[in-house]
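Let me begin by presenting the structure, written as structure tokens, before commenting on it.
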Amino acid sequence: MHEYSIVSALVERAESEARAHHARRIDRLHVRIGALSGVDPQLLMTAFTLFQSGALLRDTELVLRKVEASWKCGACGAPIARGSVLRCPRCASPARLTEGDEIVLDRIEMEVSDV
Ligand SMILES: [Zn+2]
168 MHEYSIVSAL VERAESEARA HHARRIDRLH VRIGALSGVD PQLLMTAFTL
218 FQSGALLRDT ELVLRKVEAS WKCGACGAPI ARGSVLRCPR CASPARLTEG
268 DEIVLDRIEM EVSDV
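Each residue of the sequence shown is one higher than the one before, starting from 168 at the first, in our numbering.
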């Protein structure tokens, strides 16, 4: 399962961040998912529950934010509207994807003990 390995990598990063900050638990994980990333958010949620065994992740909420694909001109950088022809309106160069195919761990909210 594709989603399982993605969550595994996200969890690994979150846990090492949490340890580095001596966190007691992770409250929330904010993850950005590009519309073209090929990831099913529902499957990602399900996969995440499989990792919620340790104290750090037991009560963690996984917050997913979907990002639509956006394009711009590969040559002159002009923005290209979604749903239009993927060619620059100014110079007719092919469009380049600027976001929408990524899976990014945006933010980690954690509870840090006061020692
Ligand atoms: Zn252009």
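Cβ atoms here follow ideal geometry from the backbone N, Cα and C, with glycine treated the same way.
The beta-carbon distance between Gly-267 and Ala-236, rounded to whole angstroms, is 3 Å. This is short enough to meet the 8 Å contact definition.
In this structure, the beta-carbon distance from Glu-278 to Asp-207 does not fall below 9 Å. Of the candidates Arg-199, Arg-225 and Cys-243, the residue whose Cα lies closest to the Cα of Arg-191 is Arg-225. Taking a C-beta distance under 9 Å as the contact criterion, Ala-222 and Glu-170 do not qualify as a contact pair.
Shown here, Ala-185 sits in a helix according to DSSP, grouped into three states. Rounded to the nearest angstrom, the gap between the Cα atoms of Val-271 and Thr-216 is 19 Å.
The DSSP assignment places 190–201 and 228–234 as complete runs of the beta strand (DSSP E) inside the stretch 177–234, in order along the chain (cut-off: 3 residues).
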